[in-house]
Amino acid sequence: MKALSRKSSITLVELPPTQFGVLNGDPSYDIYSMFRLPPRSLPRLAAVLKRDGWENVEMIHPKFHGTSDRLSEHNWRRIIESDVLAISSITRTSPQSMALADAYRAVNPNGLILAGGMDPSFRLEEWLEHVDIVGIGECEETLPELMGMLISDPGSLEDVDGIAFTRKGNIIKTHPRKLLSEETFRKMPLPYYDRVIAQKANVGVVEEERGCPYDCDFCAVTLTYGRRIRFMSAEQLINDIRQLHELGLSKHIFFSGDNLAGNPNEAISLLEALAQSGVPYGSITAQVSASAARNEKLLKAMKNARVKYLCVGFESIVDEALKHMKKPFSAQQNQEAAKVFKGYGFWVHAMMMTGTDDDTPETLKATVEWAKQNADTLQLFIKSPLPGTPFWNQMEAEGRILTRDYSLYDGQHCVVRPANFTPYQLQTMVFDGIRDFYSATSSFGRLSRTHDLRKALGIFAYTFFGGVSKVLDSPQTRAHMEFLKSIS
Numbered sequence: 004m005k006a007l008s009r010k011s012s013i014t015l016v017e018l019p020p021t022q023f024g025v026l027n028g029d030p031s032y033d034i035y036s037m038f039r040l041p042p043r044s045l046p047r048l049a050a051v052l053k054r055d056g057w058e059n060v061e062m063i064h065p066k067f068h069g070t071s072d073r074l075s076e077h078n079w080r081r082i083i084e085s086d087v088l089a090i091s092s093i094t095r096t097s098p099q100s101m102a103l104a105d106a107y108r109a110v111n112p113n114g115l116i117l118a119g120g121m122d123p124s125f126r127l128e129e130w131l132e133h134v135d136i137v138g139i140g141e142c143e144e145t146l147p148e149l150m151g152m153l154i155s156d157p158g159s160l161e162d163v164d165g166i167a168f169t170r171k172g173n174i175i176k177t178h179p180r181k182l183l184s185e186e187t188f189r190k191m192p193l194p195y196y197d198r199v200i201a202q203k204a205n206v207g208v209v210e211e212e213r214g215c216p217y218d219c220d221f222c223a224v225t226l227t228y229g230r231r232i233r234f235m236s237a238e239q240l241i242n243d244i245r246q247l248h249e250l251g252l253s254k255h256i257f258f259s260g261d262n263l264a265g266n267p268n269e270a271i272s273l274l275e276a277l278a279q280s281g282v283p284y285g286s287i288t289a290q291v292s293a294s295a296a297r298n299e300k301l302l303k304a305m306k307n308a309r310v311k312y313l314c315v316g317f318e319s320i321v322d323e324a325l326k327h328m329k330k331p332f333s334a335q336q337n338q339e340a341a342k343v344f345k346g347y348g349f350w351v352h353a354m355m356m357t358g359t360d361d362d363t364p365e366t367l368k369a370t371v372e373w374a375k376q377n378a379d380t381l382q383l384f385i386k387s388p389l390p391g392t393p394f395w396n397q398m399e400a401e402g403r404i405l406t407r408d409y410s411l412y413d414g415q416h417c418v419v420r421p422a423n424f425t426p427y428q429l430q431t432m433v434f435d436g437i438r439d440f441y442s443a444t445s446s447f448g449r450l451s452r453t454h455d456l457r458k459a460l461g462i463f464a465y466t467f468f469g470g471v472s473k474v475l476d477s478p479q480t481r482a483h484m485e486f487l488k489s490i491s
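Listed below in structure tokens is the structure:
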């Protein structure tokens, strides 16, 4: 490794999903593909590095900085010539991200490769076959400390908490790093957005909180961010939105925290301060649980702060499934919550999960019918095992994992053997349910009940002109369907 200084070039890269997980391959699509959200981690990490005095930091996300959602020749040149390549990855994008690390290493053997994100945090051994150092969990404090140590004393990496690396063929995992305190979280610099992201994004992103009080067996959020929710300060939130306004990204804002309702008192305080601030912005989309419907003060605070769209993790209308997922709500409470949200005029994006051991073909059909009556949009996912989660451990112990092609770990594809379906049957029924929900007949039926006719028509146009087909009829999906048929 070459000697580093604060003038050394650092390139932060986050790759998009691709067909078959091929590096620079054809794009993969999902229900969110119509939105161009800025990368979540790169702007924050770039900001902390710049604050720490690193002078040559660039971000690359092919969706914004590349050509046709692929790395451009200019991107490749910047990556290959960088002193440090830092990759952020989720499980779905891990194959192409590891391939990028290998390509960099082949051309720049003296360069340093770092990796972070949920997937590297839980698959250290595999990642360390491709990269030099893995940052585990939150990295806003880890990364600048690590980079400083690489300048001052690169032989003492074991003194940096929250990393893993290899030395003489052995994996060394340092002392776990504590989660960011709320005080530290509130002192984080504003995310850094370069000119290209500001021009091409169509949604502004604000991480208003981190953590979730629940402990769902399929979710890696609490494993990464903990069960104690840390909120932004009101000043920080307002400054973040003001920056988005200056960049032209405040018309539609997505609160990326996993559960705004996880600490309702903090959320109410934050939303009330935002509503009174006078900072210009349009509408807000937030992620909540069904518990939000039981707090009238929170509902009113969301309305007053122009939260119009709710992504609600209902997950199921089957009580036993909810219990085994460790969801603290019943099917009846989900039903009541949906009615309350609609009664307050919120757009309801129902996030539902099927394929559990308590689901049957009948419950799957009922789930779709329930969503048609209670939601404006539907995300119907198959329960999938993300590495590190209890559900992963269970499926691996029971020998039910069907494929290690991690590019399929997107919730859209059946990757474990279900209890009450054949794999092919489950996949087919899920896709049929999505087509049914977004069909012309179902979509027109919801128009009379929607609180945002313009958005409803926009989504109908997107789905009618191929949006759903891009997701369900891709080459990789067709190949996976043939695989599932062969083992069913």
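Sequential numbering from 4 applies to the sequence shown in my numbering.
Don't be surprised by glycine CBs; every beta carbon is placed ideally from N, CA and C.
**OP:** Just tell me which of F447, L389, D55, A102 has its CA closest to the CA of C219.
**Re:** L389
**OP:** Give the single residue among I63, F38, Y35 whose Cα lies nearest to the Cα of L48.
**Re:** I63
Subject >> Burial state of T392 (16 or more Cβ within 10 Å) >> reply: buried
Subject >> Own chain residues within Cβ distance below 6 Å of A422, not counting five before or after >> reply: D360
Original post:
In chain order, what residues of the same chain lie with their CB nearer than 7 Å to the CB of G165, ignoring the 5 residues before and after it?
Top reply: G138, I139, G140, T145, T177, P179, R180
Original post:
Are the CB atoms of M356 and K386 nearer to each other than 8 Å?
Top reply: yes
Original post:
Per DSSP, which one or two residues make a beta bridge with V208?
Top reply: F257
Original post:
The alpha helix (DSSP H) with Q428 in it runs from where to where?
Top reply: 426-440
**OP:** Within its chain, find whatever has a CB closer than 6 Å to the CB of S44; leave out the 5 residues flanking it on each side and keep chain order.
**Re:** S91
Subject >> Cutoff 8 Å; reference K368; Cβ partners in own chain excluding five residues on either side >> reply: M432, G436
**OP:** Taking 8 Å as the cut-off, decide whether the C-beta atoms of L18 and T94 are in contact.
**Re:** no
**OP:** Kindly indicate which residue of V16, D122, N27, A104 has the alpha-carbon position closest to the one of W395.
**Re:** D122
**OP:** Taking 8 Å as the cut-off, decide whether the C-beta atoms of H248 and V206 are in contact.
**Re:** no
Original post:
Does the distance from the CB of Q428 to the CB of S491 come in under 8 Å?
Top reply: yes
Subject >> P331 and Q22 closer than 8 Å at C-beta >> reply: no
Original post:
CA-CA distance, A483 and S36?
Top reply: Checking the sequence, you will find His at residue 483 rather than Ala. Looking at the two C-alpha atoms, the distance is approximately 20 Å.
**OP:** Please confirm if the region 219-238 is in contact with the region 260-278, defined as three or more CB-CB distances below 8 Å between the two stretches.
**Re:** yes
Original post:
The alpha helix (DSSP H) with A201 in it runs from where to where?
Top reply: 198-203
Original post:
Between L40 and the rest of its own chain, which residues show a CB-CB distance below 7 Å, the 5 nearest in sequence each way excluded?
Top reply: A204, V206, V208, F257
Original post:
For V16, which three-state DSSP category applies?
Top reply: strand
Original post:
By DSSP, does L383 sit in helix, in strand, or in coil?
Top reply: strand
Original post:
For F125, which of V224, A270, D439 has the nearest alpha-carbon?
Top reply: V224
**OP:** Could you give the DSSP three-state label for W57: helix, strand or coil?
**Re:** coil
**OP:** Using three-state DSSP, classify R457 as helix, strand or coil.
**Re:** helix
**OP:** Give the straight-line distance between the Cα atoms of S31 and K326, rounded to the nearest whole angstrom.
**Re:** 33 Å
Subject >> Cβ shell of S446 (< 6 Å), same chain only, five flanking positions each side left out >> reply: F463
Subject >> CA-to-CA distance, T14 to P65, given in whole angstroms >> reply: 13 Å
Original post:
What is the rounded straight-line gap between the Cα of L274 and the Cα of S294?
Top reply: 17 Å
Original post:
Can you round the beta-carbon distance between V419 and M398 to whole angstroms, since I take them to be within the 8 Å contact cut?
Top reply: 5 Å
Subject >> Enclosing alpha helix (DSSP H) for K311 [first to last residue] >> reply: It is not in any alpha helix (DSSP H) - K311 instead sits in the beta strand (DSSP E) that spans 310-318.
Subject >> Cα-Cα separation between F67 and V199, rounded to whole angstroms >> reply: 6 Å
**OP:** Go ahead and pull the three-state DSSP assignment for L418.
**Re:** Looking at the sequence itself, residue 418 is Val, so the reference to Leu does not match. Of the three classes helix, strand and coil, the one that applies to V418 here is coil, per DSSP.
Subject >> The alpha helix (DSSP H) enclosing R449, as first and last residue numbers >> reply: 443-450
Original post:
Taking C-alpha atoms, which residue in A308, S489, E128, S71 lies nearest to S280?
Top reply: A308
**OP:** Have a look at V25, I34, V16 and flag the residue whose alpha-carbon is nearest the alpha-carbon of F384.
**Re:** I34
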